[in-house]
Amino acid sequence: MEQGANAASDVIARARKVAREVAAPAAAEVDREARFPKEAIEAQRKERLLGAFVPTELGGLGCGMTTLAAICEAFGSACGATGLITAMHHIQVACIVRHGGDSPYFRKYLQELCDKQLLIASATSEVGTGGDIRSSVTAVERDGASFVLNKDATTISYGEYADDILVTSRRAPDAPPSDQVLTLVRKADYTLTKTTTWDTLGMRGTCSPGFRLESKGSVDQILPLPFGDIASRTMVPFSHILWAACWLGIATDAVSRARHFVRTEARKKPGTVPPTAIRLAEVINLLQLMRNNVHDAASECESLMKKADGATDELLSIGFAIKINNLKIASSQLVQQIVQGCLGIVGIQGYKNDTRYSMGRHLRDALSASLMIGNDRIYARNASLLLVHKDD
Amino acid sequence: MKDKIREILRQHGRLSKDVDTLPDDGDLYEAGMTSHASVNVMLALEGQFDIEFPDRMLKRSVFQSIASISAAIEELTSGGG
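Right, here's the structure in full:
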């Protein structure tokens, strides 16, 4: 599916250009006003980036995981909210590409997605499940060839600005909470009623309040594979890798501000190494660790997914689940540590919100990382898996 | 062996229906077994049958039904594992 190296590097170059020229200049306002980064998403549409993961025969760019990660990193470094929205969109697209590929309905939908550059949001959270996406209260109610699906979502990121939404629910009204399916609902067929607000510390531009979703559609829009399999094979690995790539972007931009600060200090007194330089060496050490972690997971995932059988067994193995969970935990901690270290380097210039060294937005955005799917929940999951994993 | 597996599922599978009503090839995940509960089922099976499931067997398809669990245990206890 991946195009040649030149094509992938061309896509990454286009993403970096949009990130630098469109997303970065708007980042401070997006953060301050907690508004959707519409110009950055519109510019991605013009570059056809929203279909990056869709195979070329359906009109997409045919990119693999490593290219997606580079795109999310580029947007994350310009504007954390844009980076996260970009990541979340590609996670949804990946679920459809990888698990709807054989269905005529979803093939046609993916062509339309590329043609119109549709933005997909996700409604996995629900009032009453305590934050566990692998459990649903609501059920999709089938009636012949059509369905009705209503849900009280605790959060739908960019819900108001999305074209379509992927929704988890129980398979049927008599199914247990863990027997879930994933359904695509189309903009013309759903209504959203805002139930909560989104005035947060960081990631303000993702505009993620709670909504009451009411929708209907045709049963073709329900992905055939159980959501449990879609989650293990695609949603969880894509989420943790692309989120981590976005956080890597945030960390990289913070470090680049700190580097500039230290160089400026050094130029004032050639011959002496400024005291902040050793702290810079320290954060760059952490940044390298984080970058290697993200790139290694993205490459491994891409090569597994390229295998003829889709490497279903490896993607569903406990060893891979533990590794991907560890990527999320480590990256979410590193981004916070790195940004905080950078703030220490630039000092009061970073504490102020209106200098070229400002770190407030980076720090507040970074703080979301350990909370979105709480690290304690993931540690508990790994602790449980390690009881049976042998690693031999 | 299948009776012992059923007993373990009754204790640890947290199924939403009575395990006795489930056929040998019935889907345990559709019957409400969560991935968290499946870890407890794996542990209890390892204890009960004095076996260790190698990592290659620790996947959804092996723990999908009573029949698939039974086949895995047979493979391990017949020395073919």
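So the sequence lines, in the order shown, correspond to chains A and B.
Under the numbering used here, the first residue of the first sequence carries the number 1292, and numbering increases by one thereafter.
Under the numbering used here, the first residue of the second sequence carries the number 38, and numbering increases by one thereafter.
We put the beta carbon where it would ideally sit given N, CA and C, even for glycine.
Quiz item: Across which residues does DSSP place Thr1459 of chain A in a beta bridge pair?
Solution: By 1-based counting over the first sequence, the position of residue 1459 of chain A is 168. DSSP, once it has assigned bridges, lists A:Leu1473 as partnering Thr1459 of chain A.
Quiz prompt | Gly1450 of chain A to Lys1681 of chain A span [Cα, whole Å] | solution = As a working mapping, residue 1450 of chain A is identified with position 159 in the first sequence. As a working mapping, residue 1681 of chain A is identified with position 390 in the first sequence. So the alpha carbons of these two residues sit roughly 42 angstroms apart.
Exercise. Using beta-carbon positions only, say whether Gly1353 of chain A and Thr1347 of chain A come within less than 7 angstroms of one another.
Key: Position 62 of the first sequence, counting from 1, holds the residue named residue 1353 of chain A. Position 56 of the first sequence, counting from 1, holds the residue named residue 1347 of chain A. Yes; because the gap between Cβ atoms is below 7 angstroms, this pair is in contact.
Exercise. Report, in whole angstroms, the separation of the C-beta atoms of Asn1666 of chain A and Ser1623 of chain A, which I expect to be a contact under 8 angstroms.
Key: Walking along the first sequence from the start, residue 1666 of chain A turns up at place 375. Walking along the first sequence from the start, residue 1623 of chain A turns up at place 332. So it is a contact: roughly 6 angstroms between Cβ atoms.
Exercise. Below 8 angstroms CB to CB, which residues in the same chain sit around Pro1468 of chain A once its five sequence neighbours on both sides are set aside?
Key: Your numbering for residue 1468 of chain A matches position 177 in the first sequence. Apart from the 5 residues on each side of it in sequence, Pro1468 of chain A sits with its Cβ closer than 8 angstroms to the Cβ of Thr1420, Ser1426, Ser1427, Val1428 and Arg1461 in its chain, given in chain order.
Quiz item: Taking C-beta to C-beta, are Gly113 of chain B and Val1679 of chain A nearer than 7 angstroms?
Solution: The sequence position of residue 113 of chain B within the second sequence is 76, counting from 1. The sequence position of residue 1679 of chain A within the first sequence is 388, counting from 1. Per the sequence presented here, residue 113 of chain B reads as Leu, with Gly not at that position. No. Outside cutoff.
Practice problem: For my contact list, Cys1537 of chain A and Gly1371 of chain A are in at a C-beta cut-off of 8 angstroms; report their separation, rounded to the angstrom. | Solution: Translated into the one-based positions of the first sequence, residue 1537 of chain A becomes position 246. Translated into the one-based positions of the first sequence, residue 1371 of chain A becomes position 80. Confirmed, about 7 angstroms.
Quiz item: The beta strand (DSSP E) with Asn1441 of chain A in it runs from where to where?
Solution: The count along the first sequence starts at 1 and reaches residue 1441 of chain A at position 150. It spans Ser1437 to Ala1444 - the beta strand (DSSP E) in which Asn1441 of chain A sits, taken as one unbroken run.
Quiz item: What residue does the alpha helix (DSSP H) around Ala1545 of chain A start on, and which one ends it?
Solution: The residue labelled residue 1545 of chain A in the question sits at position 254 within the first sequence. Run containing Ala1545 of chain A: Val1527 to Lys1559, per the alpha helix (DSSP H) assignment.
Exercise. Can you tell me which of A:Val1458, A:Asp1480, A:Asp1645 and A:Leu1410 puts its alpha carbon nearest to the alpha carbon of Thr1474 of chain A?
Key: Residue mapping note: residue 1474 of chain A aligns to position 183 of the first sequence, counting from 1. Per the Cα distances, A:Val1458.
Quiz item: Rounded to the nearest angstrom, how far is the Cβ of Ile1629 of chain A from that of Phe1552 of chain A, given a contact under 8 angstroms?
Solution: Mapped onto the first sequence, residue 1629 of chain A falls at position 338. Mapped onto the first sequence, residue 1552 of chain A falls at position 261. Going by Cβ atoms, the distance from Ile1629 of chain A to Phe1552 of chain A rounds to 15 angstroms, so no, they are not a contact pair.
Self-check item: Minimum Cβ-Cβ distance from Thr114 of chain B to chain A less than 7 angstroms
Solution: For the purposes of this step, residue 114 of chain B is taken as the residue at position 77 of the second sequence. No, Thr114 of chain B lies away from the interface with chain A (no Cβ there is under 7 angstroms from its Cβ).
Self-check item: Under 8 angstroms from the C-beta of Val14 of chain B: neighbouring residues of chain A
Solution: Because chain B in this structure spans residues 38 to 118, residue 14 of chain B falls outside the shown range and cannot be described.
Practice problem: Could you tell me if Ala1296 of chain A is buried or exposed, where buried requires 16 or more neighbouring beta carbons within 10 angstroms of its beta carbon? | Solution: As a first step, residue 1296 of chain A is located in the first sequence; it is residue number 5 there, counting from the start. Since pLDDT at Ala1296 of chain A reaches only 47, below the 50 mark, its modelled position is unreliable, and no value is offered.
Quiz item: So what's Ala1412 of chain A in DSSP terms, helix, strand or just coil?
Solution: Counting from one through the first sequence, the residue named residue 1412 of chain A turns up at place 121. It is a strand residue.
Exercise. Kindly indicate if chain B contains any beta-carbon less than 7 angstroms away from that of Ile1665 of chain A.
Key: Within the first sequence, numbered from 1, the residue matching residue 1665 of chain A stands at position 374. Note that residue 1665 of chain A is Gly in the sequence shown here, rather than Ile. By this cut-off, Gly1665 of chain A is not an interface position.
Exercise. Verify the CB distance criterion: does Asp1470 of chain A have a CB-CB separation below 7 angstroms to chain B?
Key: Counting from 1 along the first sequence, the entry for residue 1470 of chain A is found at position 179. Yes, because at least one Cβ of chain B sits closer than 7 angstroms to the Cβ of Asp1470 of chain A.
Self-check item: Exposed unless 16 or more other CB atoms sit within 10 angstroms - verdict on Met1379 of chain A
Solution: Stepping through the first sequence from its first residue, residue 1379 of chain A is reached at position 88. By the neighbour-count rule (16 or more Cβ atoms within 10 Å), Met1379 of chain A is buried.
Quiz item: How would you label Ala1572 of chain A, buried or exposed, when you count the other beta carbons within 10 angstroms and need 16 or more for buried?
Solution: Residue 1572 of chain A sits at position 281 when you count from the first residue of the first sequence. By the neighbour-count rule (16 or more Cβ atoms within 10 Å), Ala1572 of chain A is not buried but exposed.
Quiz prompt | Residue-chain proximity (Pro1528 of chain A, chain B), Cβ-Cβ < 7 angstroms | solution = Position 237 of the first sequence holds residue 1528 of chain A. Not closer than 7 angstroms to any Cβ of chain B, the Cβ of Pro1528 of chain A fails to qualify, so no.
Quiz item: First and last residue of the beta strand (DSSP E) that includes Arg1433 of chain A?
Solution: If you number the first sequence from 1, residue 1433 of chain A lands on position 142. Glu1432 to Asp1434 is the extent of the beta strand (DSSP E) around Arg1433 of chain A.
Self-check item: Sub-7 angstroms separation of His1653 of chain A and Ile1575 of chain A beta-carbons
Solution: On the first sequence, residue 1653 of chain A is found 362 positions in, with the first residue counted as 1. On the first sequence, residue 1575 of chain A is found 284 positions in, with the first residue counted as 1. For His1653 of chain A and Ile1575 of chain A, no; Cβs fall outside 7 angstroms.
Quiz item: Which one or two residues does DSSP pair with Arg1504 of chain A in a beta bridge?
Solution: Reading the first sequence from its first residue, position 213 is the one you call residue 1504 of chain A. One point to set straight first is that residue 1504 of chain A is Leu, not Arg, in the sequence displayed. Looking at the DSSP assignment, Leu1504 of chain A forms a beta bridge with A:Lys1442 and A:Leu1483.
Quiz prompt | Glu1293 of chain A, DSSP secondary structure in three states | solution = Translated into positions along the first sequence, residue 1293 of chain A becomes position 2. Residue confidence is low: Glu1293 of chain A scores 46 on pLDDT, short of 50, so the model does not pin down where it sits. No coordinate-derived value is stated.
Quiz item: Does the Cβ-Cβ distance between Leu1409 of chain A and Asp1480 of chain A come in under 7 angstroms?
Solution: Working through the first sequence from its first residue, we reach residue 1409 of chain A at position 118. Working through the first sequence from its first residue, we reach residue 1480 of chain A at position 189. No, the pair does not count as a contact, with Cβ atoms beyond the cut-off.
Practice problem: Measuring only between beta-carbons, confirm whether Gly118 of chain B sits less than 7 angstroms from chain A. | Solution: Taking the second sequence and counting its residues from 1, one reaches residue 118 of chain B at position 81. Confidence at Gly118 of chain B is low in this model, with a pLDDT of 43, below 50, so the placement of that residue is unreliable and no value is reported for it.
Quiz item: Hey, is Met38 of chain B's beta-carbon within less than 7 angstroms of any beta-carbon in chain A?
Solution: Within the second sequence, residue 38 of chain B is the residue found at index 1, counting from 1. Not closer than 7 angstroms to any Cβ of chain A, the Cβ of Met38 of chain B fails to qualify, so no.
Quiz item: Can you tell me whether Gln48 of chain B is buried or exposed, with buried defined as 16 or more other CB within 10 angstroms of its CB?
Solution: Mapped onto the second sequence, residue 48 of chain B falls at position 11. Looking at its Cβ environment, which holds fewer than 16 other Cβ atoms inside 10 Å, Gln48 of chain B is exposed.
Quiz item: With distances taken from CA atoms, which of A:Val1564, A:Gly1641, A:Leu1634 and A:Asn1616 is nearest Tyr1670 of chain A?
Solution: In the first sequence, residue 1670 of chain A corresponds to position 379, counting from 1. The option with the nearest alpha carbon to Tyr1670 of chain A is A:Asn1616.
Practice problem: Closer than 7 angstroms, Cβ to Cβ, to anything on chain A: give me those residues from the stretch 88-101 of chain B, in chain order. | Solution: Glu89, Phe90, Pro91, Asp92, Leu95, Lys96 and Arg97
Quiz item: Are the beta-carbon atoms of Arg1548 of chain A and Tyr1642 of chain A separated by less than 7 angstroms?
Solution: For the purposes of this step, residue 1548 of chain A is identified with residue 257 of the first sequence, where counting begins at 1. For the purposes of this step, residue 1642 of chain A is identified with residue 351 of the first sequence, where counting begins at 1. No; because the gap between Cβ atoms is not below 7 angstroms, this pair is not in contact.
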